[in-house]
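Note that the numbering used here numbers the sequence shown so that position 42 is 530, with each residue one more than the last. In this text, a Cβ means the ideal position worked out from N, Cα and C, and glycines have one as well. Only a predicted model underlies this, so the values are computations on that prediction, with no experimental measurement involved.
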Amino acid sequence: MITNKSINIKSDPITWQQNARAKIMAVIRNKDQITYKSLAVTANITGPHKIHRLTLWLEQLMAEDHQSGRPLRAAVVVSKARGGLPAPGFFDKAKELGLDFETTDRRTSYNIYLQKVYASISVL
């Protein structure tokens, strides 16, 4: 019996990062948010520790954005368990980069920042 085995070229690490980057941009254009899990699935990250690898990459993206003077695109990636907020690692990395979401309450600061991300689509 002959079976049809397709090769998934999207499992290449560079490609999943490209897929994730493209999805994040689409989410920003739509003024929406996406969960870590949904982004991992959409980007087609394969293998173990998908979310951990995704969050490490998101931290790199945050550093790139900050160095380029852009808003942090990773702000649109949120934790389902945290009611529409990113995981604590996002806030830790943001603070490391000089952005403090603790000036008022975290949710309010985050929502204000998220609107800046949406408004900046032309510079991203």
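Within a Cβ cutoff of 8 Å, which residues of the same chain sit near residue i, ignoring the five residues on either side of it in sequence?
i, result
"T523", "V565, V566, S567 and K568"
My understanding is that residue i touches residue j, with C-beta atoms under 8 Å, so please give their C-beta distance in whole angstroms.
i, j, result
"L542", "A508", "7 Å"
"A528", "I539", "6 Å"
"V611", "R558", "6 Å"
Can you name, in chain order, every residue of its own chain whose Cβ lies under 6 Å from the Cβ of residue i, other than the five neighbours on each side?
i, result
"A575", "S567"
"Q550", "Reading the sequence as shown, one finds Met at residue 550 and not Gln. Excluding sequence neighbours, M550 sits near L560, A562 and K581."
"I495", "Bear in mind that the predicted position of I495 carries a pLDDT of just 36, short of 50, making it unreliable; the figure below should be weighed with that in mind. Within the same chain, I495 has no close Cβ partners at all."
In chain order, what residues of the same chain lie with their CB nearer than 7 Å to the CB of residue i, ignoring the 5 residues before and after it?
i, result
"I533", "W504, R541 and L542"
"L546", "A562 and V565"
"K498", "Annotation note: pLDDT 45 at K498 (below 50); position unreliable, no value reported."
In the DSSP assignment, what residue or residues form a beta bridge with residue i?
i, result
"V566", "T523"
Can you tell me which of the three DSSP states residue i falls into?
i, result
"K581", "helix"
"T592", "coil"
"S608", "coil"
**Asked** In chain order, which continuous runs of the alpha helix (DSSP H) of length 4 or greater are located wholly inside the region 490-556?
**Response** 501-517, 524-531 and 538-555
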